[in-house]
Every structure is written in C-alpha cells, then in structure tokens.
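Chains as they are written, first to last, in my numbering: chain C, 1 to 449; chain V, 450 to 929; chain F, 930 to 1057.
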C-alpha cells in the first residue's frame, strides 16, 4: 500500500508487543454498528495513471495564454530561483516552529518576512501572515472594534466585493454594523463623514477597480473621529506608491499573491497585517521575535503567544491557529531575489504596461473609464455583459475581463489588468479578440457567441 | 560564536539576483502624480543569486522537517507528504480564479470530485472546500449552526457551546468568535467525556457541542452515539473537529456517529504539507439540513458542465476570497485517488497500530501513560516524577528527532502527546523509544544533563521572556 | 511563599489592602506570580471603570500563559500602576509592593472583612 511501510511480519510483531491478536481489536471502542461502512470511492490509481488523469483535467483548463485578469490575483514574474529555494523539503514539510532550537529556518525567514512587510508598508509590526487578504481585512476590523470599543465599521464600496462579503460574515455574529461608502463618478471613494461611533474606516488603494484613493484625506477623516484607518493595499504597488505609514494608516492589510505566489485558481496565497506600535498587543496571529540563546547568539522565537487560541482559548484575540507560512516564504525569497530595484522595476513596468493597454484600447475606440490614476487595472465599459465578454474572449484564446458587479452602477463593464509580463503581442491579441466580439469601435461586425 | 546572518546583512548595494522584464516609458510621477509616490524605497535585501541560494539553503539546514526527521507531534498528524502531490499541484498553477468557468472545467471537475470524495469519507451530504485552515473551518461550521438556529427562531435562546476540557484551544476560541459563551465539561476517569456532566450541561440554551473523536487523549468516545442522541434531544447541533480523523479515516465516519457538521484538516489526514505553519486547508461537511447555509460558492454540476454556484440566499456568506486553497485541494485529491477506500482503511489501521506499539515501547522505557488503555492514533504520556517534559523534549533534539506535542492536553500534567502516524516504520519507533530510554537514564544519572540540553542544535535554549517583554519583530538596520 | 498578615485575599489569588478612606490596593499574590512564571505583559483596567466583585479586571501574561485578574471587591478603579507597562517584572520581584495592579474605591467598606485572611488563603494556596 502506498506510503505505509508495514510488512505482514511488522504487523504481527507490533500486535504481539501490544498484546492483541488482530488490528481490529484496536478498534474495539468504535461501536460495531458504525465500523467499516462501505465507501464508494473510485478505484486507486498508480502514479502514471494519476498523472495522466490530472493531465487530462488540466487540458480542459485555459492556461498559458495572454492574460489580463486582475481583481485581486495577477500573473507576475516569478524567477526560477524563488520556488526552488522556498519549496525545499525542509520548509515544505516542517511544522509550526514551536521548538525554536530546531526551527530557525522557518523562524528567521519569517522574521525577514515581517521586516520586509514593515518596510513596504511603513508600519512597524507585521504578523507572520494570515489566510488571505479578505480574511485579514476582517481580522483588522475586529482588532479595531477591540481597540476602540465601538461597534460600527465603515467600508468603501471600492474595497473588493469578496472582501466586503467576508467582512460581513465575520462581523455578523458579533452584531457589528457595516456602513458602506458609495463611489463618485471617478470610481473613487469620496472622503466620508466619519461619526464617533465608527471603529475603523476601511479603504483599498488601489481600489477594486484599479484607481488610486486619496489616502491621506481618509486617514485625516478617520482620525478626526477617533477611528482607525485600515488601508487595504497591494504590496507590489507599494514599491512605487506611498506607504500606509507615511499617511497615518493604523493598520495595513492585503493579499500577498502578487509577491511571488502562483495564481493557483485563487489559493493558497497569503494575507498580511502590519500595525502601529499602539496596536501591537492586539495583533492576531503568529509573531516571530528576536532574542538570544543561552550562549548569547541571536535567535528567533514565536512570541506573544499568550494572546493566541492555544493558551487563551475562549478569550483569544482570534481563533486563527495557522498562518500561510510557505506562501509567505515564497514572497520573502522573491523580494530578496528582486531587491528594491527589481521590485520597483516590476511595479513600474506594470504601471506602464497598464497605461499602454488603456491607450491602445482608446486608440481603437474602446470606452475606457476617464480616470488616469490607476496602477495595474482599469475599467472598460462593454456592450455585452461582463461575463459574456469574458467568455467570448476566452473562446478566442485570451483571458480577460473581470466583470464589474451591478452594485457599482456603471452598467456593463469589466476591469482589465496588465503586468510586466504583458507583451505587445498580448495587447494586440486582446485588441483583435475584442474587435472580433464587437466590443471595439467598429460597428457592423456580426458577433458570434 | 557569531550570529547566523539575516538576508539583510548579506550582499552589497547594487546587487540583485533576479531581473524582471523591464518596460521603459513615462515616469511614475507623470503617470500617477507625484503625491501618490513613496519618498524612499523599501530597504529590501541586495544580494547576488548565489548569495541568495546559499542563504536559504543554509536556513533550510537549520530546520527540522518530516523529510529529515521523525516528528511525532500529537494532534498534528505529521505523516509523509508524497512528492507526487507536488507534481500534481504543478499542473494547475497558471489558473486565474476569475477566468471563464467554461475554460476551467478541468479544475472544477477535480474540485467537484473532491467534494464528493470527502462527503463519502465523512458520511456528510455536502462539502465546502473554502475554509483555509482547521480553525477557519470551525468558524465556518459554528456560524452555519448559528444561522440554522436563527432560521428556526431559536437564535436568542441558544447561546452556549459545550466543549470538553480536553478540547483543542481553537474550539472555545471559535465559539467566542461566533458570539457564543463556552461551557466546558470534564473528562471522566476513563479518559472520555464525563457523560453525566455532559447530560447535565445540555439544555435549551445549547447551540452546539464541539467534539473530537477520538479525543485529544487519543481515546475513542465509546458513548458517542448516546452523546449525539442526547445533544439532538435538546435541539443542539453536533460539531466534529476533524483534527483526529486519521485514527478512523475509511473505517468510521463522523456522519454515522451523529455529527451534523465536520471540518477536516487536509494537512493532517490527507497529507497536504504543513509548510512550517501553513497553508492548511479546512473543508467543512454538513448534513442536508445545514447545506443551505454553506459558504458560497460551491462547485456544482449542471449536465456535463461544472459551475460555481453563487445563488445561495441562505448562505452564511463568504469565509475568504475565491474558492479555497486550491493547490492543497489538488494534493488531497491526488492522495485519495491514489489510495482508494482500501488504502484509507489501511491508513487508519496502521496509524492506530503504530501508536499502540509506541505506547507500549514508551511504557517499557519508563514513561507513565495517562489513561492507560488501548488508544487510537495517539496517546498521552508523562515523564517519571521529578522530570520535566520540557527538558526531555529539549534533550530529544540532540538526538535528531523531534519531540512529541508537549503540555497538551492541558488536563494532563507534564503531558507528552505522541502521534507517530502510519508512514513510520517499526524500526523508527524502536529507535525513538531507545532514545527516550537513554534520555531518562542519563537524566537520572546526571541531574545537569537535561538542564543543558540541547547542546548540538543550531541555537540552544532561548530567552523567551525578553522576547515577549520587549518584542523585536523586525530587523533594526543598524550600521555595521 | 510570602503571605502578609495585614492583607486579605480572594481564592483566585488576588490580595487587597484594608480600605483607607474607602480605597484598597489590589495585586496578585506571591504564590500566583510564582505559578505564572516570568510576567511579560499586563493589561490594566481603565480608570473610572466600575467593577463587580469577582469581575475580570486585568490580564497578566507570562510567556506561556495569560491569567485574568479579578476585582476582589466591588468598586470603581481610581488608579492603575502604569509602571508595570514598562516593567511588568515588578510583579515577580515584589508582588505585594511595586507589583500592585490597581486601586479601587470600594462600594462596601465592610466587604473587605469577608475576604480570606492570611491563614485561610495559605490553605487555598496549599491546595494549588
């Protein structure tokens, strides 16, 4: 049997040592009426058959074609060295580093991760990562509620719709209200009036539609009411954009997929949370701290564990138990590989490619939304519904067009994203496909769905 | 002795390992506006590719892992993570969560198949693959129970979640996050939940009972059918913490035990890698009456097409973005399809055999077994009087093996919770028992021996007090 | 293990001084600090907060555990020991002195007499 080493002799020897006759004797505590039910599972496959089966499945998925999809996940450059180093067996098959003496690999790399996230966000205290950006936002909102003893959070409608759904799910059982701030015609968030009942104002920058928000004004509005500002940020964008610490954000959160994690149909990547000193003791999740060993050598250890579920149980800051360590390690190695110059070049190329794409679309008569302040993605108004446009483009070999939901009130529209991997040929392919499906200025082309 | 360098302390300004494709063109200030830009670059490492490779290779060597070391952590199921699964996952890396579902039929078929497999294995009616971890699955499950009670008009009445005193810490933490009060019930002298206390705790205010079976002592709750009947009799829902499923996978199903909700830890029973702390993956399964409350979307089949079903009006909502930790879901699928039903039965059978074998060997080595009886996939031991579990754990590190889980469950003093898993050979277990015997012998001969351990590890015992009093969570970038 | 005769105690290991002008000082006992180990952080109540007897008022964290500290008597918090935020180790080194946690203006001055005296508390601590 795969992965189980026991020979018949082994089983006999073990049974004799235990002092029972049969393996089933060890299952005597399980009520007989529920033991060994029939299990209708497919017959087992050997390695070759399994991989052929998976290849057949993968062949039904569109991969490795021009891609303009964003909306929280983007295809970015990942140098070969990143997965080779981060996905070494020692990192992949380690447990949580509770025994620090033999876990310095995970602990030190996490300390490096925390330092890098602190540098990117301009805030001092990063945790060791969380599940994803959306749940990190929800945890940040809970932190704000604990800190301020207030029971309402305000969130911009331009925060990713799925993030707002997760926020609702987390806040509903605790009777915390969510107030939504509607957008201006520029598809950005107006600076809202924040009441003194509000624990936090949550704004995403660049927002879900791709556009930059006036974050310093958001911070001022939140702080004037004694609320926290939770900045939901794109960590790659922070290679060029102003960092949350510079404009007074109290908490920076986001999703790290763009830092070197493959798309993988949306997971696993990782969420991050970085906070001011005032909020350090409220920070949920694992933290790695620096200390020394008995010989005076620098060493790293999980710290402030008394806040966590395995000790505080029902009084823990969160029930979160794991972090997305391995995905965070991919990002750590990736940032170390690229360095400040490489990361900046990637971010700049992303901006330039996205703006080149927008210009090319406008040149071809497309209805690109008139806001120029976008990082990687922007809105294209379409004739057909967004999901229909996306399907038609897919049939022509291009992955593009995240539908803009009706809640934004702009009719049929999609977002389009570019990255440093977007080539001129990709852009031409997209233009040709949009032309084919009747979404460019040329009228009269018969569209076949 | 010098400190092992941080990556920030290696390299030179101007160096780097990787070069992305560059696009020349207008400046950022022109495209985005000067006010949008950061004033100073982040201080990231500047290292050559070889420096980078050496750094993270040497760090890997400063790390215990299943690949390198026996790692019998109780409750963690540190079984071998097949390399085949990495190849399997590599086939689905370049998939965007928002690509047209008609052009993602392969991955959707796989996820649909996994939903079905997990429903079969757990005896539940429907599965959500969305939760990112066991604790996340717990929150999902308890929120569904809450939504169910509210839909029945009993939301105000049912305010309490009952957990055994030996429960994983995530159980009470989850109940709190879901807005519930927690009542703990004690463990009886046989190592099982005290049934009389359990019955007494149940009442019209009970929303849910959270149980692990086998429990955290590695003991199967023999009265499980009576417990589920008693819980249902007062209208409570029964929640199965799947952390210990490896004991019974393929041989007994939570659904048949009477549970209404279950979460699975795919990183335990279904051997997706622990990754040094995550990502885990914590799908939830429910009986039909709770299915309307599952988080959206689910993968559904419409004729010969697979779709993402978002039309779920009674759903508790989303627990995270997108559909789950798909990379790990592919690994778990590969595992189940490699083993089949017979292979899964072999997994739990040999996991239980190994744990009982090691229990006997540890007893021979001089350890006391808490609630000494035939156990399932794990057991809890205690060191001889006068010795501290922590010290013994540290001494094991010098022998190249990982300690068991220490100081859990909290109801056993100096607890050592041992789970060898089915993928270890008897020789490995014999060697572990021999090391434990040697450690005890040396400790009794030389009182200083344990206090000085570990000696040969990359670093030795740490000053955790200073780390917690004055937390240093980032590199200081000091000169020199 | 020190148990000063002039103090009164709660079974949950807090001590309280005899009310002076209606004010008592509260801390945790030498036994409690020894059980906790090195204290690394203290969460103190807000001044002005009204507490019921037995209500969780503060949290004392060590490396491996965190304990709720209850108000042994009902009253209003009038002062907290802010020095502990920087030097929580005072709880370990001087539990009955520098390690005090907060001061209460008690609602019922006679309630103090109903707490455990040193001998009764010694018996509680003996049991662990």
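Cβ atoms here follow ideal geometry from the backbone N, Cα and C, with glycine treated the same way.
Only a predicted model underlies this, so the values are computations on that prediction, with no experimental measurement involved.
Counting only residues of its own chain and dropping the five nearest sequence neighbours on each side, residue 622 (chain V) has a CB closer than 8 angstroms to the CB of 584. Beta-bridge analysis with DSSP links residue 944 (chain F) to F:938 and F:956. Taking the C-beta atoms as reference points, residue 552 (chain V) is found no nearer than 8 angstroms to residue 69 (chain C).
Sequence-distant Cβ neighbours of residue 889 (chain V) in its own chain, meaning closer than 7 angstroms and more than five residues away, are 814, 815 and 833.
For residue 970 (chain F), the C-beta contacts it makes with chain V under 9 angstroms involve 917 and 918, in order along the chain.
Under the three-state reduction of DSSP output, residue 841 (chain V) falls in the helix class. Taking 8 angstroms as the threshold, the shortest C-beta distance from residue 781 (chain V) to chain C does not fall below it.
According to the DSSP secondary-structure assignment, residue 874 (chain V) is paired through a beta bridge with no residue.
Contact fails between the region 784-804 of chain V and the region 578-597 of chain V, because fewer than three Cβ pairs, one in each stretch, are under 8 angstroms apart. Residues of the region 248-281 of chain C that bring their beta carbon within less than 9 angstroms of a beta carbon in chain F comprise 281, in sequence order. Chain order gives no chain C residues near residue 941 (chain F), where near means a beta carbon separation below 8 angstroms; the closest approach is about 15 angstroms. In this model, residue 984 (chain F) and residue 942 (chain F) are separated by some 13 angstroms (Cα to Cα). The DSSP assignment places 532-539 as complete runs of the alpha helix (DSSP H) inside the region 515-559 of chain V, in order along the chain (cut-off: 4 residues). When C-beta atoms of the region 519-532 of chain V are compared with those of the region 719-730 of chain V, three or more pairs fall below 8 angstroms, so the two segments count as touching. Taking a Cβ-Cβ threshold of 8 angstroms, the residues of chain F close to residue 306 (chain C) are 969, 970, 990, 991, 992, 993, 994 and 995, in chain order. For residue 865 (chain V), the enclosing beta strand (DSSP E) begins and ends at 865-867. Here residue 104 (chain C) is buried: its Cβ has 16 or more other Cβ atoms, across all protein chains shown, within 10 Å.
The beta-carbon of residue 633 (chain V) is placed no less than 8 angstroms from the nearest beta-carbon of chain F.
Within the same chain, 807, 810, 811, 813 and 814 come within 8 angstroms of residue 882 (chain V) by CB-CB distance, once the 5 residues on both sides are set aside.
Judged by DSSP in its simplified three-state form, residue 975 (chain F) adopts coil rather than helix or strand.
With a beta-carbon spacing of about 4 angstroms, residue 726 (chain V) and residue 96 (chain C) fall inside the 8 angstroms limit used to define contacts. Residues of the region 689-703 of chain V whose Cβ lies closer than 8 angstroms to any Cβ of chain C, in chain order: 697, 699, 700, 701 and 702. Chain C has no Cβ within less than 8 angstroms of the Cβ of residue 593 (chain V). Taking 8 angstroms as the cut-off, the Cβ atoms of residue 988 (chain F) and residue 998 (chain F) count as close. Relative to the Cα of residue 661 (chain V), the nearest Cα in the group V:692, V:476 and V:645 belongs to V:692.
Residue 189 (chain C) and residue 256 (chain C) have their C-alpha atoms roughly 23 angstroms apart. Annotation: the continuous beta strand (DSSP E) that includes residue 758 (chain V) extends over 754-758. Under the 8 angstroms criterion on CB atoms, residue 655 (chain V) is classed as non-interfacial with respect to chain F.
Less than 8 angstroms divides the Cβ of residue 221 (chain C) from the Cβ of residue 192 (chain C). Residues 176 of the same chain have their beta carbon placed closer than 6 angstroms to that of residue 151 (chain C), with the five preceding and five following residues left out of the count. Between residue 661 (chain V) and chain F, the shortest Cβ-Cβ separation is not below 8 angstroms.
Rounded to whole angstroms, the separation of the alpha carbons of residue 522 (chain V) and residue 121 (chain C) is 36 angstroms. Judged by their CB atoms, residue 5 (chain C) and residue 514 (chain V) are not nearer to each other than the 8 angstroms cut-off.
Between residue 542 (chain V) and residue 262 (chain C) the beta-carbon gap is near 4 angstroms, inside 8 angstroms, which marks them as a contact. Cβ-Cβ separation between residue 773 (chain V) and residue 567 (chain V): approximately 12 angstroms, too far for a contact (criterion under 8 angstroms). Secondary structure at residue 241 (chain C): strand, using DSSP grouped into helix, strand and coil.
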